[in-house]
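Participant: Per the working numbering, the very first residue in the sequence shown carries number 15; after that it's consecutive.
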Amino acid sequence: MSALIYGIVGHPVAHSLSPAMQNAAFKEVGIEAGYRLYDIEPTGLEAFLGGARIAAISGLNVTIPHKIKAKEYLERHGTLDGTAQRLGAVNTIKVTEDGLCGFNTDGPGFYRSLIEDLGFEPEGKQVFVLGAGGAAKAIVMYLGNGPENISVFDIDNAKTQDLKKHYGKYFDDKRLRIAGDKLEMIDALDSSDLLVNATPLGMSEADPSPVDKELLHPGLAVYDLVYNRPYTRLVKDANSLKLHAVTGLGMLLYQGAIAFEIWTGQKAPVGVMKKALKEAVKER
Ligand code: NAP
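1. List the residues that DSSP assigns as beta-bridge partners of Tyr125.
2. Taking the alpha-carbon positions, what's the Lys288 to Leu132 distance?
3. Specify, as a first and last residue, the run of the beta strand (DSSP E) that Asn163 falls within.
4. What does DSSP give as the partner residue(s) for Gln140 in the beta ladder?
5. State the beta-bridge partners of Phe117 as determined by DSSP.
6. Could you give the distance in angstroms between the alpha-carbon of Gly24 and the alpha-carbon of Ala146?
7. Helix, strand or coil: how does DSSP classify Leu248 here?
8. Please name the residue in Gly116, Thr110 and Val109 whose C-alpha comes closest to that of Asp95.
9. Use the C-beta contact count for Gly92: other C-beta atoms within 10 angstroms, 16 or more gives buried, fewer gives exposed.
10. Rounding to the nearest angstrom, what Cα-Cα distance links Ser165 and Leu18 in this structure?
11. Measuring only the C-alpha atoms, how far is Gly58 from Glu198?
12. I want to check one thing, is the minimum distance from the CB of Leu269 to the heavy atoms of the ligand NAP below 7 Å?
13. Leaving out five residues on either side along the sequence, give the residues of the same chain with a beta carbon under 7 Å from the beta carbon of Ala290.
14. Can Val166 be considered in contact with the ligand NAP, in the sense that its beta carbon sits closer than 7 Å to one or more heavy atoms?
15. Under the assumption that Tyr181 contacts Lys151 (Cβ atoms under 8 Å), give the Cβ distance between them as a whole number of angstroms.
16. In angstroms with no decimal places, state the Cα-to-Cα distance between Glu86 and Gly160.
17. For Asp186, count neighbouring C-beta atoms within 10 Å of its own C-beta (all shown protein chains included) and say buried if the count is 16 or more, exposed if not.
18. Taking DSSP as the reference, what is the three-state secondary structure of Ser32?
19. Kindly list the residues whose CB is nearer than 8 Å to the CB of Ile276, restricted to its own chain and excluding five residues on each side of it in sequence; keep chain order.
20. Per DSSP, Val76 is paired with what?
21. Could you tell me whether any non-hydrogen atom of the ligand NAP is closer than 7 Å to the CB of Met265?
What follows is the structure, given as structure tokens:
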């Protein structure tokens, strides 16, 4: 049997850390497979997904800017699991003889990392999410009504309003809160048990922290979604105040591990995948 083909479709994708972790996983469990990069422009996505079976692709990760368009395509030409359907975005596709099925493992990946890496159980807690883009939406939707409440702030108020409009219906009364300005943001953060940075601030070494150090209070746990560097300013500030804080490498790991399990039906070798990811980040 020839080697199975998996990959990630995005634009651009050259920077992706997924090949390192997925190829290490296939090798570890003895599956003969190769994980490729597919740099596809938005105008080419439908044709690419339409040809996935003919190209003998067994599974895909989907990344920026294709997650929403992939969901729309699968709505018409495939199937979707409940998480991807409710969120309105797909980050994992399984290709079978019956066709293409879309999933979203970002929320579950975040949740598993929150518990495993940060030791934080969100149920009944107050959560503050900074940023209202794609990653924030996946996290807010997956946490759902578990926390006592979730507050969201974005410098672009239209984005928080959009988040509330689309996902508010899934939340019990007052569980999803929008901070409309900096003062409301400070208020919401002050009463929170967990801060999630879902903005890109921190990806560059020169970036300031997305949250002033003096706003970090005792007992606050910090999850910074940024994963391209071993430490961010926010994580350093939090650690200097003896707060528990992690970067987003664990979310990347677990969203990939869950995708691997969807594709192969086998338990993901998480330790090997984590080692491969850490080495790939160091090599950057
Ligand atoms: P996105 O769609 O661009 O959303 C980020 C949002 O944050 C935008 O609405 C942005 O507004 C807003 N923002 C920027 N600076 C802000 C500030 N100082 N305060 C409040 N809001 C601010 O990006 P994304 O795809 O959600 O990704 C966000 C981050 O998460 C990135 O660093 C990405 O690498 C990371 N991520 C990590 C994982 C993982 O597995 N660890 C997965 C997905 C994403 P403007 O657009 O107006 O600037």
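Glycine included, each C-beta is placed from N, C-alpha and C at the ideal position.
All of these numbers come straight from a predicted model, not from anything done at the bench.
Facilitator: On the basis of the supplied data:
1. As a position in the sequence shown, residue 125 is number 111, starting the count at 1. Its beta-bridge partners do not exist; DSSP assigns none.
2. In the sequence shown, the residue the question calls residue 288 occupies position 274. In the sequence shown, the residue the question calls residue 132 occupies position 118. Looking at the two C-alpha atoms, the distance is approximately 15 Å.
3. Residue mapping note: residue 163 aligns to position 149 of the sequence shown, counting from 1. Residues Asn163 to Phe167.
4. Counting from one through the sequence shown, the residue named residue 140 turns up at place 126. In DSSP, Gln140 forms a bridge with Asn163.
5. Locating residue 117 in the sequence shown gives position 103, counting from the first residue. Answer by DSSP bridge pairing, in chain order: Thr106.
6. Counted from its first residue, the sequence shown places residue 24 at position 10. Counted from its first residue, the sequence shown places residue 146 at position 132. Those two C-alpha atoms are separated by around 21 Å.
7. Working through the sequence shown from its first residue, we reach residue 248 at position 234. Helix, per DSSP.
8. Start at 1 with the first residue of the sequence shown, and residue 95 comes out as number 81. With distances taken between Cα atoms, Asp95 lies closest to Gly116.
9. Taking the sequence shown and counting its residues from 1, the one referred to as residue 92 is at position 78. Buried.
10. In the sequence shown, the residue the question calls residue 165 occupies position 151. In the sequence shown, the residue the question calls residue 18 occupies position 4. Rounded to whole angstroms, Ser165 to Leu18 spans 43 Å at the Cα level.
11. Taking the first residue of the sequence shown as position 1, residue 58 is located at position 44. Taking the first residue of the sequence shown as position 1, residue 198 is located at position 184. Rounded to the nearest angstrom, the two C-alpha atoms are 42 Å apart.
12. For this step, residue 269 is matched to residue 255 along the sequence shown. The question names Leu, yet the displayed sequence has Gln at residue 269. Because some heavy atom of the ligand NAP lies under 7 Å away, the Cβ of Gln269 counts as near it: yes.
13. Locating residue 290 in the sequence shown gives position 276, counting from the first residue. The residues are Ala34, Met35 and Ala38.
14. Locating residue 166 in the sequence shown gives position 152, where the first residue counts as 1. The answer is no for Val166.
15. One-based indexing of the sequence shown puts residue 181 at position 167. One-based indexing of the sequence shown puts residue 151 at position 137. At roughly 7 Å, the Cβ-Cβ gap stays under 8 Å, so Tyr181 and Lys151 are in contact.
16. Numbered from 1 along the sequence shown, position 72 holds the residue referred to as residue 86. Numbered from 1 along the sequence shown, position 146 holds the residue referred to as residue 160. Rounded to whole angstroms, Glu86 to Gly160 spans 28 Å at the Cα level.
17. Counting from 1 along the sequence shown, the entry for residue 186 is found at position 172. Exposed, by the Cβ-count rule.
18. Against the sequence shown, residue 32 aligns to sequence position 18. If DSSP states are grouped into helix, strand and coil, Ser32 belongs with the helices.
19. Taking the first residue of the sequence shown as 1, we reach residue 276 at position 262. Cβ within range, chain order: Gly73, Thr106, Lys108, Phe117 and Thr119.
20. Residue numbering aside, residue 76 sits at position 62 when the sequence shown is read from its first letter. The partner list for Val76 (beta bridge, DSSP) reads Val23.
21. Sequence index remark: in the sequence shown, residue 265 carries index 251 (1-based). Result yes, Cβ under 7 Å from the ligand NAP.
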